[in-house]
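I have placed the structure first, in the form of structure tokens, so that the comments after it can refer back to it.
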Amino acid sequence: MINSIDLILVLILLAVLLSLGSSRMMALIKIMALQGAMVSLVPIFIEPQARLSNGGILFFQLMLLIKAVLIPGLLYMALNRIAIKREVEPLIGYHASLLVGLGLVMLSAYITRRMGLSLPGDYALLLITAITTTGGGLFLMMSRTKAITQVIGYLMLENGIYLVGTALTKHTHNIYLVEFGVLLDLLAGVMIMGIILHNINRAFDDVDTAYLEQLKD
Amino acid sequence: MLEAVFCLPLFAGLIAFLLPVKLGRGVLVVGALLHLQLTLLAWLSDFPPLLPGYFSTAPAGILVLLVTSFIFVFIAPYSIFYMREQEMQSEPIFIGSMLLFLGTMSMAALAEHPIVFWIAIEATTLVSAPLIFVNRSKKALEATWKYVLICSVGIALALLGFFFITLSMDRAGIDVPLTFSSLNTAAKHLDPLWLKIGFIFVIIGFGTKMGLAPMHTWLPDAHSEAPSPASALLSGALLNCAFLGIFKVHTLMVLAGLGDFSGSLLIGFGLFSILVAGIFILKQPDYKRMLAYSSIENMGVIAFGVGIGGMALYGAMLHLIHHSLLKSSLFLSAGNLLLGFGSKIVAQCGGMTRLLPRTFVSFFAGFLGISGLPPFGVFVSELLILIGAFKAGHPVAGGLFIASLALVVAGFARIVTSMSFGPSRQEILVPEQTLRIVSPFALLLTSAVLCVWMPEPLHQIIINTITVIGGTIHG
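From first to last, the protein sequence lines stand for chains B and A. Numbering follows the numbering used here, with no gaps: position 32 of the first sequence is 51. Numbering follows the numbering used here, with no gaps: position 79 of the second sequence is 346.
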């Protein structure tokens, strides 16, 4: 069992690094779909027996549907309407971003060791992955100028926070109803952001946030 | 069942999306009135929740709910008459979003489970986004984008904070249901380190939404670009809901014996917010942005009062009530000004006394009130906070508090006098209308009345809110 969870976590880490190094929007969305699917699978492998109750099975299917299909689907639709293929000029270049990503992995490993927590099942890699994903999401939001990449960064941040939650807290607290509410918020959030993106594109003929600097003091 | 308080506006909002405009307006006003009645029921009579693990009638939440519901009743009819002048293309969306906004805010106020509270606060961001970009101008789009993205990220950090608080429970080996009240009971046994880290994330996360500097950057944009009734709701109701999250975790910290830590953070953020607002108000060319900065200032005052505790805590709760009343009144008056002058730039507005005399009275009275002059309630609340600060042994903080407040009043006064008595324009676009004057005046009047006479149940609920963490009214 330990091997399959490690495999999933490594895939999530890889998705973070790939997203930092890729310039094509389409590739980014595919990476997010992969990461969403992997993140949804993590809890099942951590505590298989406790997780697979009736409500649990339904919930994980819903989560997989939302994170791996619906959200990437919404992004895909938004991308089609705004017709951009790639991020042209990121604030921080792709190679530098990759280096930052590697630095993040090391930093996360350091933080995890310093925290000295006994994680459920001793999945040390879980917390490292969680912190890297959170940090990677924040970095992506700050270093890219296209609004749609920022949405992807936000999604990655949310994935990371969800992983932190699974890594740190006991699973007796998790109530599917509440987790479902969080997911629903995320889905609605991406939907609203998609609508605003569409409107920004119509008003400015681009979704570059450099245009969004009229309001200031 | 308590859940009806937020289910009613949520359903009404969803229905209003589909209804024709005129019917939708009716739903808005009726929904507001029904919501106030349900709120009063939840407040004054026994109204048990259907899901006690998720929702409760905790006093702090009821107080925020009461303020929200009360100002909504006045904003709803105003917004109908405001919309009439504006010829908005997507009014059903506006009306529906207003009701959904009310519903999600009520849900946040009544939430007992931290994650449910988080869900409700994130939902307020999402349903209020259409209210801001309803005009679809480039500036409104920019404001909405910043609002949604900055607040979503901020609130995501607050979720992380709640996870750390849960961790502090697990580390201590306590197994209680994850609700604010059971956390409060077990507070003494929680792991202090993780509780502290959790509080830092919560204050940064919800502080973003509440508009505490330096996380306030979205606030002036969103408040100035939204239509005035929406700005009034954002400022008068939404900021309180975000504050509620910080307050609940602060309560937990005080009960866990970490009140000094969380109190100092609140004092720091509070003072910094007042100072930043003062600096930006001083040279502000836009009167709606000025009102937005004034909201940042007042949120700073509340955070400061809560951080000091004792008598200042009572002051902070009073301040929350009166700021909501006065600021929403000011934003509604600003809506009348915007209709009349067609501009948000102070230099292009002048001669308010002659052109819009009744709006002048409401705007000027609101200015006096928010600056802390009697007969409005902010006078009492700021005085209590100040006395509380000196009594609790924070003379330096108290001094800074006065200095920053003076800065805000100076900037505010410059703008208001130039608009009221400055060189007059020749004509106005939309004349005053009694129906759009009633709401701001009613809100002002409520603040003045509450300053001299406070109903016993209201007094009681403030006391219930603050005694848990050592707040009193007798120094």
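Ideal Cβ positions, reconstructed from N, Cα and C, are used throughout, including at glycine.
| Query | Result |
| --- | --- |
| Select from Val-697(A), Leu-427(A), Ala-670(A), Leu-366(A) the residue whose C-alpha is nearest the C-alpha of Ile-546(A). | Ala-670(A) |
| Is DSSP giving Asp-204(B) helix, strand or coil here? | helix |
| Could you tell me if Val-226(B) is buried or exposed, where buried requires 16 or more neighbouring beta carbons within 10 angstroms of its beta carbon? | buried |
| Hey, is the segment 324-332 of chain A in contact with the segment 368-382 of chain A, meaning 3+ C-beta pairs nearer than 8 angstroms? | yes |
| In whole angstroms, what is the alpha-carbon distance linking Ile-180(B) and Phe-284(A)? | 33 angstroms |
| Any idea which residues DSSP pairs Phe-322(A) with across the strands? | Ala-378(A) |
| Using CA coordinates, which residue listed in Ile-704(A), Met-355(A), Glu-352(A) is at the minimum distance from Ser-600(A)? | Ile-704(A) |
| Just to confirm, are Lys-476(A) and Gly-421(A) a CB contact at a threshold of 8 angstroms? | yes |
| State the start and end residues of the unbroken alpha helix (DSSP H) segment that holds Ala-504(A). | Here Ala-504(A) belongs to no alpha helix (DSSP H), and DSSP marks it neither H nor E. |
| When we look at the beta-carbon of Leu-640(A) and count the other beta-carbons within 10 Å, is it buried (16 or more) or exposed? | exposed |
| Do you know offhand how far Lys-611(A)'s Cα is from Asp-553(A)'s? | 5 angstroms |
| Establish whether the CB of Thr-433(A) and some CB of chain B are separated by less than 8 angstroms. | yes |
| Pull up the CB-CB distance for Leu-445(A) and Thr-433(A), whole angstroms please, since I reckon it's below 8 angstroms. | 6 angstroms |
| Name the residues in the segment 405-420 of chain A whose C-beta lies less than 8 angstroms from a C-beta of chain B; which are they? | Lys-405, Lys-406, Leu-408, Glu-409, Ala-410, Thr-411, Trp-412, Lys-413, Val-415, Leu-416, Ser-419, Val-420 |
| Going by Cα to Cα distance, which pick from Leu-367(A), Ala-559(A), Ser-449(A), Phe-468(A) is closest to Phe-339(A)? | Leu-367(A) |
| For Lys-413(A), count the other beta carbons within 10 Å of its own beta carbon; 16 or more makes it buried, fewer makes it exposed. Which is it? | buried |
| Any chance you could list the beta strand (DSSP E) runs of at least 3 consecutive residues sitting entirely within the segment 530-571 of chain A, in chain order? | none |
| Going along the chain, which residues of its own chain have a beta-carbon closer than 8 angstroms to the beta-carbon of Thr-131(B), five neighbours each way excluded? | Ala-143, Leu-146, Ile-147, Ile-150 |
| Is Val-201(B) close to chain A? Criterion is C-beta to C-beta, closer than 8 angstroms. | yes |
| Are the C-beta of Thr-164(B) and some C-beta of chain A separated by less than 8 angstroms? | no |
| Quick one: grab the DSSP three-state call for Ile-612(A). | strand |
| If you follow the alpha helix (DSSP H) that Pro-624(A) is in, where does it begin and where does it stop? | 624-637 |
| For Leu-117(B), tell me which candidate among Ser-162(B), Met-45(B), Ile-65(B), Leu-234(B) has the shortest Cα-Cα distance. | Ser-162(B) |
| By DSSP's criteria, Arg-105(B) is part of a beta bridge. Which residues make up the other side? | Arg-43(B) |
| How would you list, in chain order, the residues of chain B whose beta-carbon sits under 7 angstroms from the beta-carbon of Asp-778(A)? | In this structure chain A extends from 268 to 742, so residue 778(A) is not present and cannot be described. |
| Buried or exposed, going by whether 16 or more other CB atoms sit within 10 Å of the CB of Leu-110(B)? | exposed |
| Under 6 angstroms Cβ to Cβ from Asn-603(A), same chain only, skipping five residues before and after it: list those, please. | Thr-626, Arg-703 |
| Determine the DSSP secondary structure at Lys-658(A), reduced to helix, strand or coil. | helix |
| Identify the continuous alpha helix (DSSP H) that holds Tyr-173(B) and give its terminal residues. | 166-187 |
| My guess is that Val-294(A) and Ala-279(A) are in contact by the Cβ rule of under 8 angstroms, so how many angstroms apart are they, rounded? | 5 angstroms |
| Would you mind working out which of Pro-698(A), Pro-315(A), Thr-452(A), Leu-712(A) sits nearest Met-520(A), comparing C-alpha positions? | Thr-452(A) |
| So Gln-323(B) and Asn-178(B) are supposed to be a Cβ contact under 8 angstroms. How far apart are they, rounded? | This structure cannot speak to residue 323(B), because chain B is shown only from 20 to 236. |
| Could you work out which residues of chain A lie near Met-231(B), taking near to mean beta carbons separated by less than 8 angstroms? | In the sequence as displayed, the identity of residue 231(B) is Leu instead of Met. Residues of chain A passing the Cβ test: Leu-408, Glu-409, Trp-412, Lys-413. |
| Is the beta carbon of Glu-270(A) less than 8 angstroms from the beta carbon of Pro-316(A)? | yes |
| Within 10 angstroms of the Cβ of Tyr-129(B), are there 16 or more other Cβ atoms? Answer buried if so, exposed if not. | exposed |
| Can we count Ser-671(A) as close to the ligand SAH, meaning its CB is less than 7 angstroms from some heavy atom? | Looking for the ligand SAH in the displayed structure turns up nothing, as the structure carries no ligands at all. |
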